[in-house]
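Accompanying notes for the structure given below.
In structure tokens form, the structure reads like this:
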């Protein structure tokens, strides 16, 4: 049987980062704070940062890598620190890179003195020489950057893209829909849950059936679409306040206390708080979480309800009226009413909003019927690590720096915690929308073609 480390290593080599992060997260939840897993997690975050085209996401992954390395007091955190410096164009960050690199070179020198080149095993000596060359080269680059100081980079939010996932089919069906009677249009505003079950089972098999029953079970029990799910331990919460309290009390202290001696702490972390440079990075992390992750699951405009027996899914009547121009959320609450009376008094206009709703889909990779815990798991864990990195900085200096600057950093910490809570929010409507729309389009296709 493969060990946790071997499993993570295998998934990492295959580029299956979500699965690898899940194993690490589960190991930590069970109390296994392995140094080797920390290093692998840092390497995964570095790979995710390299692959990401979104600058906000790249920054979050890099800060997470710093924290993952720092859990082992590993000076390899110099590499993500350097990448952060390059992104921000920050002289203050570059100076931190130099401090960490200086400590790294000292450790390498000590390790080299303890190794004999002719008896070194597993290429350790050669690896140390290669690492020393790499760090020295990085130091030269950083010194050049500081000499030619570049102002702090100006990051701008990147909006979530919308795409017409079913656009071609919907456009073919649109003329038939527009020429249909009002009664015909009203028929499509309620969907049989039994028929939806059959459709999902045929298309997604047992995995889809299980996922749909999970949605319907949640709806029946809670009469609400939304909840908060801690991606680290899978605990559910009904309010954001409960989730925030959980994150602060349980996961802020998830990392083990640093084992670095006072000298090392002074060298590596001493003036991070003093100049408040982490505030710039944390604020950008917050912007990333807010602009990229949260909107995808909190921007639902359409209300989706059920009849009292949950025999029918009842769609938003505004889709027929053509006026779904603003969000009416009411906390994701679900209303239960008589399916026979649904939309009977609603005048069906052109129904263009209904057809547009069928065509559009958020451009995100997570879709039904994947396990909901996997949604944005990489970004969530990375943001959690960023939050813990700030907590680590505060923990190191909260006794020494009792001034306005520590309060500045703490405000950033609280801000990030708020957005981290936002990332725990899950709206089952977004999850259900994909198979629901596919089913309706299939019904329209069979009806009109």
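In full-length UniProt numbering, the protein residues as written are 1 to 449. Ideal placement from N, C-alpha and C gives every residue a C-beta, glycine not left out. These numbers were taken from a predicted model, which means no experiment stands behind them.
Looking at C-alpha atoms only, which residue of the options is the closest neighbour of residue i?
i	options	result
residue 82	373, 337, 99	99
residue 319	172, 416, 185, 236	185
residue 358	135, 168, 138	168
residue 218	199, 45, 204, 238	238
residue 347	437, 183, 205	183
residue 97	141, 231, 111	141
residue 369	223, 127, 209	209
residue 339	80, 193, 22	193
residue 434	227, 196, 342, 332	196
residue 57	379, 413, 345	379
residue 343	322, 360, 332, 314	314
residue 36	70, 16, 309, 310	70
residue 414	241, 84, 322	241
residue 322	309, 223, 356, 310	356
residue 450	31, 95, 245, 207	Since the first residue of the chain shown is 1 and the last is 449, residue 450 is not available in this structure.
residue 231	223, 123, 250	250
residue 131	109, 53, 416	109
residue 332	300, 206, 53	300
Would residue i pass as a contact of residue j if the rule is Cβ separation under 8 Å?
i	j	result
residue 387	residue 191	no
residue 77	residue 107	no
residue 5	residue 34	yes
residue 440	residue 188	yes
residue 225	residue 429	yes
residue 59	residue 9	no
residue 243	residue 424	yes
residue 354	residue 307	no
residue 372	residue 448	no
residue 20	residue 382	no
residue 112	residue 128	yes
residue 444	residue 177	yes
residue 432	residue 170	no
residue 22	residue 44	no
residue 316	residue 330	no
residue 227	residue 236	yes
residue 91	residue 146	yes
residue 442	residue 204	no
Can you round the beta-carbon distance between residue i and residue j to whole angstroms, since I take them to be within the 8 Å contact cut?
i	j	result
residue 305	residue 334	6 Å
residue 49	residue 61	4 Å
residue 67	residue 389	4 Å
residue 135	residue 104	5 Å
residue 247	residue 420	6 Å
residue 38	residue 72	5 Å
residue 55	residue 87	7 Å
What residue range is occupied by the uninterrupted alpha helix (DSSP H) comprising residue i?
i	result
residue 177	167 to 178
residue 190	Taken as a continuous stretch (DSSP letters only), residue 190 belongs to no alpha helix (DSSP H), being part of the beta strand (DSSP E) at 190 to 192.
residue 316	Taken as a continuous stretch (DSSP letters only), residue 316 belongs to no alpha helix (DSSP H), as it is neither H nor E.
residue 346	Note, residue 346: premise wrong, no alpha helix (DSSP H); not H, not E.
residue 245	240 to 246
residue 534	Nothing can be reported for residue 534, as the shown portion of the chain is limited to 1 through 449.
residue 91	91 to 113
residue 369	Run containing residue 369: none; DSSP gives neither H nor E here.
residue 310	Element bounds for residue 310: n/a, residue is neither H nor E.
residue 341	Unbroken run through residue 341: none, as it is neither H nor E.
residue 39	35 to 51
residue 132	124 to 147
residue 85	78 to 88
residue 24	17 to 29
residue 7	4 to 13
residue 184	182 to 187
For the beta strand (DSSP E) holding residue i, just list the boundary residues, first then last.
i	result
residue 305	305 to 307
residue 226	226 to 229
residue 425	425 to 427
Confirm the yes/no value for this check: CB of residue i, any heavy atom of the ligand MG, distance under 7 Å.
i	result
residue 12	Here there are no bound small molecules, and the ligand MG is not part of this structure.
Closer than 8 Å, CB to CB, is residue i near chain C or not?
i	result
residue 413	The structure shown contains no chain C; it is built from a single protein chain.
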